[in-house]
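Have a look at the structure below before the remarks.
Residue numbers (the working numbering): 493 to 680.
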């Protein structure tokens, strides 16, 4: 696994051993970052269920101002810290060893630009994660939430949490779903 683009391009990243994490394939990561390329420079990026941290590190490499990494697995947290050292992004990163659904309040930003949500596919974590994001003040109507999931995952439930599905990009076995808060109508 390596950084695909930007200032840390070609640097190798490590991932925890075993099947506890599922790094996003380089080709899918490249497609994703081509889709969001204009939104990355000077952004605040949040990588939830960060695993090795490859997605957030890719954002930093391409010009994100700051990235938050949330991960519970101690081995994965060590990998994120090592990967940040390897790429030289430690100063622009905050690593949170904590449960995503309970500790998003640790983000002290008025607004974030991009949130990447990639929990284990089969653990039922999309609903509680999106519920927590729907209640987070830093998720504004301009924040893009990108969920990576199994191809068959149905995100229609997100509508009841105040999110709109902006687009989906399907791959062979998985997909990216782009969500934003539903815009509220201004009173006339």
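Don't be surprised by glycine CBs; every beta carbon is placed ideally from N, CA and C.
> Can you list, in chain order, the residues of its chain whose CB lies under 6 Å from that of residue 674, leaving out five sequence neighbours each side?
Replying inline: 654 and 656
> On the three-pair Cβ rule with 8 Å, is the region 579-598 touching the region 556-565?
Replying inline: yes
> Are there three or more Cβ pairs, one per stretch, closer than 8 Å when the region 626-637 is compared with the region 665-673?
Replying inline: yes
> For residue 497, which residues from the same chain have a beta carbon less than 8 Å from its beta carbon, with the 5 sequence-adjacent residues on both sides left out?
Replying inline: 522, 525, 550, 553 and 554
> Quick one: what does DSSP say residue 544 is sitting in, helix, strand or coil?
Replying inline: coil
> Are there 16 or more other CB atoms within 10 angstroms of the CB of residue 580, so buried, or fewer, so exposed?
Replying inline: exposed
>> Distance check for residue 536 and residue 628, CA to CA, integer angstroms please.
In response: 15 Å
>> Within 10 Å of its beta-carbon, does residue 508 have 16 or more other beta-carbons around it, so buried, or fewer, so exposed?
In response: buried
> Is residue 539 closer than 8 Å to residue 557 when the C-beta atoms are compared?
Replying inline: no
> Terminal residues of the continuous beta strand (DSSP E) containing residue 565?
Replying inline: Where residue 565 is concerned, there is no enclosing beta strand (DSSP E), given that its DSSP letter is neither H nor E.
> residue 609: buried (16+ other C-beta within 10 angstroms of its C-beta) or exposed?
Replying inline: buried
> Where does the unbroken alpha helix (DSSP H) through residue 663 begin, and where does it stop?
Replying inline: Residue 663 -> no alpha helix (DSSP H), and no H or E assigned at all.
> Which whole runs of the alpha helix (DSSP H) in the region 601-649 are 4 residues long or more, in chain order?
Replying inline: 618-627
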